[in-house]
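Enquirer:
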Amino acid sequence: MLHSYNPVVPFEAKLSHTAAIILQAIQAGHVYGFSVMETTGLPSGTVYPALRRLERDSLIRSQWESQSIADKEQRPARKYYKITRAGRDTLEAKQKRFPLLTRLFPGPVSEDA
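The sequence shown lines up with residues 456 to 568 when you count with the numbering used here.
1) In this structure, how does DSSP classify residue 465 when only helix, strand and coil are distinguished?
2) Fully enclosed by the stretch 478–522, which beta strand (DSSP E) runs are 3 residues long or longer?
3) With three or more beta-carbon pairs closer than 8 Å as the criterion, would you say the stretch 472–480 touches the stretch 533–550?
4) Return the CA-CA distance between residue 577 and residue 511, expressed in angstroms with no decimal places.
5) Would you say the stretch 513–532 touches the stretch 550–561, given that touching needs at least three Cβ pairs under 8 Å?
6) How about residue 519 and residue 505: do their beta carbons lie closer than 7 Å?
7) What residue from 536, 549, 509 has the CA that sits closest to residue 483's CA?
8) Measuring alpha carbon to alpha carbon, tell me which of 469, 503, 516 ends up nearest residue 489.
9) Within 10 angstroms of its Cβ, does residue 479 collect 16 or more other Cβ (buried), or is it exposed?
10) By how many angstroms is the C-alpha of residue 515 removed from the C-alpha of residue 507?
11) Decide if residue 469 is buried, meaning its Cβ has at least 16 other Cβ atoms within 10 Å, or exposed.
12) So, with DSSP's three-state summary, where would you put residue 555?
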């Protein structure tokens, strides 16, 4: 009898160092694009396309804040990003492979800062 071999290969996104830095910034609490840019020092032409790719690959998800909040603070509405379970798993694998990544952002950002 022939056996069918059907391996289940878990999806592991290919994550560039830049994307890993951006994921790590989001995980640390820098949850909108400009904050990620300020924290990482990466330009908008790098950050925003990377955010779109990360969202396309289901490593992050986004949600626009309500316009009333933005109006109250007299600024444009922000798009907030949150890391997904797949994003955390992918980032964790990248951090194990490249341990120096964990030194870039020591911990979560406090709301009072």
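All C-beta atoms, glycine included, are put in the ideal place defined by N, C-alpha and C.
Expert: Working from what's here:
1) At residue 465, the pLDDT of 44 sits below 50, so the modelled position is not reliable; the number obtained from the coordinates is stated separately. Residue 465: coil per DSSP, three-state reduction.
2) The stretch 478–522 contains these whole beta strand (DSSP E) runs: 515–519.
3) Two segments are said to touch when three or more pairs of C-beta atoms, one from each, lie closer than 8 Å; by this definition the stretch 472–480 touches the stretch 533–550.
4) There is simply no residue 577 to check, as the chain begins at 456 and stops at 568 in what is shown.
5) By the C-beta criterion, the stretch 513–532 is judged not to be in contact with the stretch 550–561, since fewer than 3 inter-stretch pairs fall below 8 Å.
6) In this structure, residue 505 does not lie closer than 7 Å to residue 519 by Cβ.
7) Residue 536 is the option with its Cα nearest to residue 483.
8) Residue 489 has its Cα closest to that of 503, out of 469, 503, 516.
9) Result: buried.
10) Whole-angstrom Cα-Cα distance: 9 Å.
11) Classification for residue 469: exposed.
12) DSSP, reduced to helix, strand and coil, places residue 555 within a helical segment of the structure shown.
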